[in-house]
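Engineer: Structure incoming, see below.
Numbering (the numbering used here), first residue to last: 19 to 217.
Rendered as structure tokens:
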């Protein structure tokens, strides 16, 4: 599942460990992707892929690259995020909420009303067919819920002809339904973290 959005503190940030990914390498301008796992009700960082400058990639290839949590990286032959730290299984002290999505909906071009709805949708959970919310305290999973049906109902309501997409009435209905669907307020899409995955 992909991490659609997270709100809280404590997710892994490479810069806090001395790594400086090239931000232009990913659409979200972060320059890295984290792969997390929930195991025995705890959150772990399993893998990190990032874009480092070419000179640093050469150092990694020569075995002189930066260690991360005592682990060496390797350089993948292709892709934008070529530097890979794997088999990490590092505990992550995240406190807050995450929405996980599976089955990306808007992978194809949209037209007409669907495109207008997409442009005005102010929540990234609507981009997934299956949506789960996980709540953590200091890296421990304390609550999990399947929000898929609630998200389907929200999409159906907002796609109805009752409101003009983007109108104040549409936005008010949208905000009310979102608040009812999730335990955490995930804020605006600018907070989303699409370059992360959870297994």
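All C-beta atoms in this analysis are idealised placements derived from N, C-alpha and C, irrespective of residue type, glycine included.
Considering just the uninterrupted stretch of the beta strand (DSSP E) at residue 65, what are its terminal residues?
Structural biologist: Unbroken beta strand (DSSP E) run through residue 65: 60-68.
Engineer: Quick check: residue 172 and residue 196, are their CB atoms within less than 8 angstroms of each other?
Structural biologist: yes
Engineer: Give me whichever residues DSSP pairs with residue 103 in a beta bridge.
Structural biologist: 66
Engineer: Going straight from the alpha carbon of residue 49 to that of residue 194, what length do you get?
Structural biologist: 34 angstroms
Engineer: Is the beta carbon of residue 114 closer than 8 angstroms to that of residue 222?
Structural biologist: Limits of the chain in this structure are 19 at one end and 217 at the other, which puts residue 222 out of reach.
Engineer: Do residue 104 and residue 55 have their CB atoms nearer than 8 angstroms?
Structural biologist: No, they are not a contact pair.
Engineer: What did DSSP end up calling residue 47 once you bin it into helix, strand or coil?
Structural biologist: coil
Engineer: For residue 116 and residue 21, what's the separation of their Cα atoms in angstroms?
Structural biologist: About 7 angstroms.
Engineer: With respect to the alpha helix (DSSP H) encompassing residue 166, which residues constitute its N-terminal and C-terminal limits?
Structural biologist: 166-177
Engineer: Rank 198, 123 and 89 by C-alpha distance to the C-alpha of residue 35 and give the top, closest one.
Structural biologist: Ranking the options by Cα distance to residue 35, first place goes to 89.
Engineer: Per DSSP, residue 158 forms a beta bridge with which residues?
Structural biologist: For residue 158, which the question treats as bridged, DSSP gives the partners 60 and 155.
Engineer: Since residue 176 and residue 191 are thought to touch, with beta carbons under 8 angstroms apart, how far apart are those beta carbons, to the nearest angstrom?
Structural biologist: 7 angstroms
Engineer: Compute the distance between the beta-carbons of residue 62 and residue 110, then report whether it is under 8 angstroms.
Structural biologist: Yes, the Cβ-Cβ distance between residue 62 and residue 110 is below 8 angstroms.
Engineer: Leaving aside the five residues before and after residue 205 along the sequence, list all residues of the same chain whose C-beta is less than 7 angstroms from its C-beta, in chain order.
Structural biologist: The beta carbon of residue 205 lies closer than 7 angstroms to those of 25 in the same chain, with the five residues before and after it left out.
Engineer: Rounding to the nearest angstrom, what Cα-Cα distance links residue 81 and residue 39 in this structure?
Structural biologist: 18 angstroms
Engineer: Buried or exposed: residue 150, going by 16 or more other Cβ atoms within 10 Å of its Cβ?
Structural biologist: buried
Engineer: Quick one: what does DSSP say residue 30 is sitting in, helix, strand or coil?
Structural biologist: coil
Engineer: Consult DSSP for residue 35 and reduce its assignment to one of helix, strand or coil.
Structural biologist: Helix.
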